[in-house]
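Inspection log for the structure reproduced underneath, given as C-alpha coordinates.
Numbering (mature numbering (1 follows the signal peptide of the UniProt record, and there is no 0)), first residue to last: -23 to -1, 1 to 269.
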(Lines of atoms letter the chains of each structure in order from A and count residues from 1; the text may use other names and numbers.)
(Lines give C-alpha, C1' and ligand atoms only; values in the text may rest on other atoms or scores of the structure.)
Protein backbone atom coordinates (compact mmCIF):
# COMPACT_ATOMS: atom_id res chain seq x y z
CA UNK A 1 0.00 0.00 0.00
CA UNK A 2 1.32 3.42 -0.90
CA UNK A 3 1.77 5.90 1.93
CA UNK A 4 -1.48 7.89 2.10
CA UNK A 5 -0.22 10.82 4.21
CA UNK A 6 2.38 13.44 3.54
CA UNK A 7 3.41 16.85 4.84
CA UNK A 8 4.84 19.85 3.07
CA UNK A 9 6.07 22.77 5.13
CA UNK A 10 6.56 26.31 3.94
CA UNK A 11 7.58 29.21 6.16
CA UNK A 12 7.01 32.64 4.68
CA UNK A 13 9.14 35.15 6.56
CA UNK A 14 7.95 38.50 5.32
CA UNK A 15 10.96 40.10 6.96
CA UNK A 16 14.53 39.00 6.35
CA UNK A 17 15.31 37.66 9.82
CA UNK A 18 17.08 34.30 9.73
CA UNK A 19 16.87 34.06 13.53
CA UNK A 20 13.09 34.39 13.34
CA UNK A 21 12.81 31.48 10.92
CA UNK A 22 14.97 29.43 13.22
CA UNK A 23 13.01 30.45 16.33
CA UNK A 24 9.28 29.74 15.97
CA UNK A 25 8.24 26.45 14.41
CA UNK A 26 4.89 25.36 12.94
CA UNK A 27 3.74 21.77 13.42
CA UNK A 28 0.79 20.12 11.62
CA UNK A 29 -0.02 16.55 12.71
CA UNK A 30 -2.87 14.14 12.03
CA UNK A 31 -4.04 11.17 14.11
CA UNK A 32 -4.42 8.72 12.45
CA UNK A 33 -2.31 9.53 9.43
CA UNK A 34 -4.90 8.04 7.00
CA UNK A 35 -8.58 7.07 7.12
CA UNK A 36 -9.95 3.55 6.72
CA UNK A 37 -13.44 3.69 5.24
CA UNK A 38 -16.21 2.68 7.71
CA UNK A 39 -13.57 1.83 10.34
CA UNK A 40 -11.87 5.02 11.51
CA UNK A 41 -13.85 6.46 14.40
CA UNK A 42 -12.10 9.80 14.95
CA UNK A 43 -9.67 12.04 13.10
CA UNK A 44 -7.67 14.73 14.89
CA UNK A 45 -5.74 17.41 13.02
CA UNK A 46 -3.58 19.72 15.13
CA UNK A 47 -1.75 22.85 14.03
CA UNK A 48 0.55 24.60 16.50
CA UNK A 49 3.33 27.17 16.74
CA UNK A 50 6.10 26.58 19.27
CA UNK A 51 9.17 28.41 20.53
CA UNK A 52 12.50 26.72 19.90
CA UNK A 53 14.89 29.11 21.68
CA UNK A 54 14.69 31.03 24.97
CA UNK A 55 14.40 34.85 24.88
CA UNK A 56 17.53 36.73 26.01
CA UNK A 57 18.32 40.49 25.94
CA UNK A 58 15.86 41.22 23.13
CA UNK A 59 17.56 38.91 20.63
CA UNK A 60 14.82 36.25 20.69
CA UNK A 61 14.17 34.56 17.32
CA UNK A 62 10.61 33.62 18.25
CA UNK A 63 7.55 35.67 17.34
CA UNK A 64 6.13 38.17 19.83
CA UNK A 65 2.49 37.10 19.49
CA UNK A 66 0.07 35.24 17.21
CA UNK A 67 -2.88 37.11 15.69
CA UNK A 68 -4.79 34.34 13.91
CA UNK A 69 -4.81 30.73 12.71
CA UNK A 70 -6.78 29.32 9.77
CA UNK A 71 -7.13 25.77 8.44
CA UNK A 72 -8.47 25.21 4.92
CA UNK A 73 -9.19 22.04 2.95
CA UNK A 74 -8.46 20.98 -0.64
CA UNK A 75 -7.65 23.17 -3.63
CA UNK A 76 -10.84 25.25 -3.32
CA UNK A 77 -9.63 26.53 0.07
CA UNK A 78 -12.75 25.47 1.99
CA UNK A 79 -12.49 27.08 5.43
CA UNK A 80 -12.47 24.38 8.11
CA UNK A 81 -11.62 26.15 11.38
CA UNK A 82 -10.34 29.49 12.58
CA UNK A 83 -9.17 31.27 15.73
CA UNK A 84 -7.86 34.79 16.31
CA UNK A 85 -6.91 37.10 19.16
CA UNK A 86 -10.44 38.52 19.38
CA UNK A 87 -12.61 35.38 19.32
CA UNK A 88 -12.36 31.74 20.25
CA UNK A 89 -11.83 28.72 18.06
CA UNK A 90 -14.77 27.74 15.85
CA UNK A 91 -15.62 25.30 13.07
CA UNK A 92 -16.77 26.64 9.71
CA UNK A 93 -17.74 23.32 8.08
CA UNK A 94 -18.68 19.73 9.05
CA UNK A 95 -20.69 21.22 11.90
CA UNK A 96 -22.43 17.91 12.68
CA UNK A 97 -19.20 16.00 13.28
CA UNK A 98 -16.41 18.50 13.97
CA UNK A 99 -15.35 19.94 17.31
CA UNK A 100 -12.66 22.60 17.53
CA UNK A 101 -10.53 24.00 20.33
CA UNK A 102 -7.56 26.31 20.37
CA UNK A 103 -5.66 29.12 22.05
CA UNK A 104 -3.57 32.09 20.94
CA UNK A 105 -3.28 33.60 24.43
CA UNK A 106 0.21 32.26 25.19
CA UNK A 107 1.73 34.94 23.00
CA UNK A 108 4.26 37.04 24.92
CA UNK A 109 7.68 35.35 25.21
CA UNK A 110 8.56 37.65 28.13
CA UNK A 111 5.59 36.58 30.30
CA UNK A 112 5.32 32.86 29.63
CA UNK A 113 7.68 29.91 29.56
CA UNK A 114 5.32 27.69 27.58
CA UNK A 115 7.07 26.28 24.52
CA UNK A 116 3.78 26.14 22.58
CA UNK A 117 2.62 29.65 21.70
CA UNK A 118 -0.68 28.85 19.91
CA UNK A 119 -2.64 25.89 18.62
CA UNK A 120 -5.79 24.96 16.72
CA UNK A 121 -7.08 21.40 17.11
CA UNK A 122 -9.89 19.80 15.10
CA UNK A 123 -11.51 16.44 15.88
CA UNK A 124 -14.02 14.67 13.62
CA UNK A 125 -16.23 11.76 14.66
CA UNK A 126 -16.72 9.00 12.07
CA UNK A 127 -14.67 10.73 9.35
CA UNK A 128 -15.00 9.58 5.75
CA UNK A 129 -14.49 10.66 2.16
CA UNK A 130 -15.38 14.32 2.80
CA UNK A 131 -12.66 14.59 5.44
CA UNK A 132 -9.91 13.14 3.25
CA UNK A 133 -7.71 15.26 1.03
CA UNK A 134 -5.34 18.17 1.47
CA UNK A 135 -5.30 20.52 4.46
CA UNK A 136 -3.39 23.78 4.88
CA UNK A 137 -2.72 25.58 8.16
CA UNK A 138 -1.83 29.28 8.05
CA UNK A 139 -0.61 31.15 11.13
CA UNK A 140 -0.29 34.94 11.21
CA UNK A 141 2.03 36.41 13.82
CA UNK A 142 4.04 39.53 14.70
CA UNK A 143 7.76 39.52 15.47
CA UNK A 144 9.59 41.57 18.10
CA UNK A 145 10.15 44.39 15.59
CA UNK A 146 6.41 44.61 14.79
CA UNK A 147 6.65 42.95 11.37
CA UNK A 148 4.00 40.50 10.12
CA UNK A 149 5.13 36.89 9.77
CA UNK A 150 3.14 34.12 8.06
CA UNK A 151 3.70 30.40 8.65
CA UNK A 152 2.14 27.80 6.33
CA UNK A 153 2.08 24.00 6.47
CA UNK A 154 0.14 21.46 4.40
CA UNK A 155 -0.88 17.84 4.88
CA UNK A 156 -2.55 15.20 2.74
CA UNK A 157 -4.89 12.72 4.46
CA UNK A 158 -5.68 9.66 2.39
CA UNK A 159 -8.65 7.27 2.41
CA UNK A 160 -8.34 3.50 2.01
CA UNK A 161 -10.91 0.69 1.80
CA UNK A 162 -11.09 -1.67 4.75
CA UNK A 163 -9.72 -5.18 4.24
CA UNK A 164 -11.27 -8.37 5.66
CA UNK A 165 -8.66 -8.29 8.41
CA UNK A 166 -9.56 -4.67 9.20
CA UNK A 167 -13.22 -5.67 9.57
CA UNK A 168 -12.31 -8.62 11.80
CA UNK A 169 -10.11 -6.43 13.99
CA UNK A 170 -12.96 -3.92 14.27
CA UNK A 171 -15.40 -6.64 15.41
CA UNK A 172 -12.92 -7.80 18.05
CA UNK A 173 -12.44 -4.23 19.25
CA UNK A 174 -16.20 -3.59 19.42
CA UNK A 175 -16.73 -6.79 21.41
CA UNK A 176 -13.98 -5.78 23.82
CA UNK A 177 -15.55 -2.34 24.25
CA UNK A 178 -18.95 -3.95 24.85
CA UNK A 179 -17.55 -6.16 27.61
CA UNK A 180 -15.76 -3.22 29.20
CA UNK A 181 -18.97 -1.15 29.09
CA UNK A 182 -20.95 -3.94 30.75
CA UNK A 183 -18.34 -4.16 33.51
CA UNK A 184 -18.49 -0.39 34.05
CA UNK A 185 -22.30 -0.50 34.15
CA UNK A 186 -22.26 -3.27 36.76
CA UNK A 187 -19.77 -1.31 38.86
CA UNK A 188 -21.91 1.83 38.53
CA UNK A 189 -25.05 -0.04 39.61
CA UNK A 190 -23.21 -1.41 42.63
CA UNK A 191 -21.98 2.07 43.50
CA UNK A 192 -25.49 3.52 43.21
CA UNK A 193 -26.84 0.76 45.42
CA UNK A 194 -24.42 1.73 48.18
CA UNK A 195 -25.55 5.37 47.96
CA UNK A 196 -29.27 4.61 48.26
CA UNK A 197 -30.97 4.37 51.68
CA UNK A 198 -31.35 0.76 52.90
CA UNK A 199 -34.57 -0.92 51.80
CA UNK A 200 -36.97 -0.88 54.77
CA UNK A 201 -40.73 -1.41 55.06
CA UNK A 202 -43.31 -1.54 57.82
CA UNK A 203 -46.99 -2.30 58.29
CA UNK A 204 -49.72 -3.68 60.54
CA UNK A 205 -51.26 -7.13 60.28
CA UNK A 206 -54.66 -7.78 61.93
CA UNK A 207 -55.31 -11.27 63.27
CA UNK A 208 -58.97 -10.67 64.29
CA UNK A 209 -61.08 -12.60 66.83
CA UNK A 210 -59.56 -15.87 68.04
CA UNK A 211 -63.01 -17.45 67.94
CA UNK A 212 -62.61 -17.72 64.15
CA UNK A 213 -59.03 -19.02 64.17
CA UNK A 214 -57.92 -22.54 63.31
CA UNK A 215 -57.95 -25.08 66.15
CA UNK A 216 -55.12 -27.40 67.16
CA UNK A 217 -55.98 -29.31 70.34
CA UNK A 218 -56.55 -26.72 73.04
CA UNK A 219 -54.86 -24.04 70.96
CA UNK A 220 -56.09 -21.68 68.28
CA UNK A 221 -53.98 -20.00 65.57
CA UNK A 222 -54.20 -18.08 62.32
CA UNK A 223 -51.73 -17.36 59.50
CA UNK A 224 -51.47 -14.00 57.73
CA UNK A 225 -49.34 -13.69 54.57
CA UNK A 226 -47.62 -10.37 53.88
CA UNK A 227 -46.04 -9.29 50.58
CA UNK A 228 -43.46 -6.52 50.50
CA UNK A 229 -44.32 -3.47 48.45
CA UNK A 230 -41.00 -3.95 46.64
CA UNK A 231 -38.99 -7.20 46.63
CA UNK A 232 -35.61 -7.18 48.37
CA UNK A 233 -32.85 -7.54 45.78
CA UNK A 234 -30.02 -9.53 47.33
CA UNK A 235 -31.36 -11.53 50.29
CA UNK A 236 -34.42 -11.93 52.53
CA UNK A 237 -34.63 -9.14 55.12
CA UNK A 238 -34.85 -9.28 58.89
CA UNK A 239 -38.47 -8.98 60.08
CA UNK A 240 -39.47 -7.99 63.62
CA UNK A 241 -42.90 -7.96 65.30
CA UNK A 242 -44.42 -5.90 68.11
CA UNK A 243 -47.93 -5.85 69.57
CA UNK A 244 -49.88 -2.97 68.08
CA UNK A 245 -53.38 -3.51 69.59
CA UNK A 246 -54.78 -6.19 71.89
CA UNK A 247 -58.33 -6.71 73.19
CA UNK A 248 -58.88 -9.87 75.27
CA UNK A 249 -61.50 -11.33 77.64
CA UNK A 250 -60.83 -9.86 81.06
CA UNK A 251 -62.09 -12.85 83.07
CA UNK A 252 -59.61 -15.32 81.57
CA UNK A 253 -55.88 -15.66 81.52
CA UNK A 254 -54.08 -13.76 78.77
CA UNK A 255 -52.04 -16.05 76.56
CA UNK A 256 -50.81 -14.83 73.16
CA UNK A 257 -47.96 -15.68 70.84
CA UNK A 258 -46.86 -14.25 67.49
CA UNK A 259 -44.13 -15.49 65.16
CA UNK A 260 -42.56 -14.65 61.81
CA UNK A 261 -42.39 -17.58 59.37
CA UNK A 262 -41.15 -18.26 55.83
CA UNK A 263 -39.31 -14.98 55.20
CA UNK A 264 -38.31 -14.53 51.53
CA UNK A 265 -37.28 -11.63 49.32
CA UNK A 266 -40.94 -11.22 48.34
CA UNK A 267 -42.71 -11.47 51.72
CA UNK A 268 -43.30 -13.49 54.90
CA UNK A 269 -45.99 -15.15 57.08
CA UNK A 270 -47.21 -14.10 60.54
CA UNK A 271 -48.69 -16.65 62.96
CA UNK A 272 -50.97 -15.38 65.77
CA UNK A 273 -51.75 -17.91 68.51
CA UNK A 274 -53.58 -18.35 71.84
CA UNK A 275 -54.61 -21.39 73.92
CA UNK A 276 -56.62 -22.82 76.82
CA UNK A 277 -59.36 -20.49 78.10
CA UNK A 278 -57.83 -17.29 76.69
CA UNK A 279 -59.98 -15.41 74.19
CA UNK A 280 -58.74 -12.60 71.97
CA UNK A 281 -61.30 -10.22 70.52
CA UNK A 282 -58.77 -8.32 68.44
CA UNK A 283 -55.03 -8.62 68.01
CA UNK A 284 -52.85 -6.67 65.58
CA UNK A 285 -49.08 -6.76 65.14
CA UNK A 286 -46.79 -4.06 63.77
CA UNK A 287 -44.01 -5.46 61.60
CA UNK A 288 -40.78 -3.94 60.31
CA UNK A 289 -38.45 -5.33 57.64
CA UNK A 290 -34.88 -4.15 57.01
CA UNK A 291 -31.95 -5.35 54.92
CA UNK A 292 -30.23 -8.23 56.68
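Built from N, CA and C at the ideal position, the CB exists for glycine as well.
Given the structure is predicted, the values throughout are model-derived calculations rather than measurements.
Item	Value
Distance between beta carbons of residue 262 and residue 247, contact taken as under 8 angstroms	6 angstroms
beta-carbon residue 212 near the ligand SAM non-hydrogen atom, thresh 8 angstroms	Ligands displayed in this structure: none; no statement on the ligand SAM is therefore possible.
First and last residue of the uninterrupted beta strand (DSSP E) at residue 203	196 to 204
Cα-Cα separation, residue 117 to residue 79	15 angstroms
Proximity of residue 10 and residue 105 at Cβ, strictly below 9 angstroms	no
Same chain, Cβ closer than 6 angstroms to residue 174, neighbours up to 5 away in sequence not counted	none
Residue 237 vs residue 187 beta-carbon contact at 9 angstroms	no
Boundaries (first-last residue) of the alpha helix (DSSP H) holding residue 61	Residue 61 -> not in any alpha helix (DSSP H); beta strand (DSSP E) instead, spanning 55 to 61.
Option in 218, 21, 233 with minimal Cα separation from residue 109	21
Start-end ranges of the beta strand (DSSP E) lying completely within the region 3 to 28, minimum 3 residues	19 to 27
Nearest-angstrom beta carbon gap, residue 94 and residue 43 [assumed within contact, 8 angstroms]	6 angstroms
Candidates 216, 161, 209, of which the one nearest residue 181 by Cα	216
Completely contained beta strand (DSSP E) runs for the region 86 to 150, where each covers 3 or more residues	93 to 102, 110 to 119, 125 to 134
Where the beta strand (DSSP E) through residue 252 begins and ends	244 to 252
Between the CA atoms of residue 96 and residue 170 - distance to the nearest angstrom	44 angstroms
Cβ-based neighbour list, residue 82, same chain, cut-off 6 angstroms, excluding 5 preceding and 5 following	none
Strand pairing of residue 193, partner residues [DSSP]	196
Distance, residue 269 Cα to residue 231 Cα	33 angstroms
Other residues of its chain near residue 139: CB distance less than 8 angstroms, five sequence neighbours each side excluded	13, 14, 15, 16, 147
Selected residue, minimal CA-CA separation from residue 211, among 226, 176, 220	176
For residue 65 and residue 317, the rounded distance between their alpha carbons	In this structure the chain extends from -23 to 269, so residue 317 is not present and cannot be described.
Short Cβ contact (9 angstroms threshold) for residue 255 with residue 219	no
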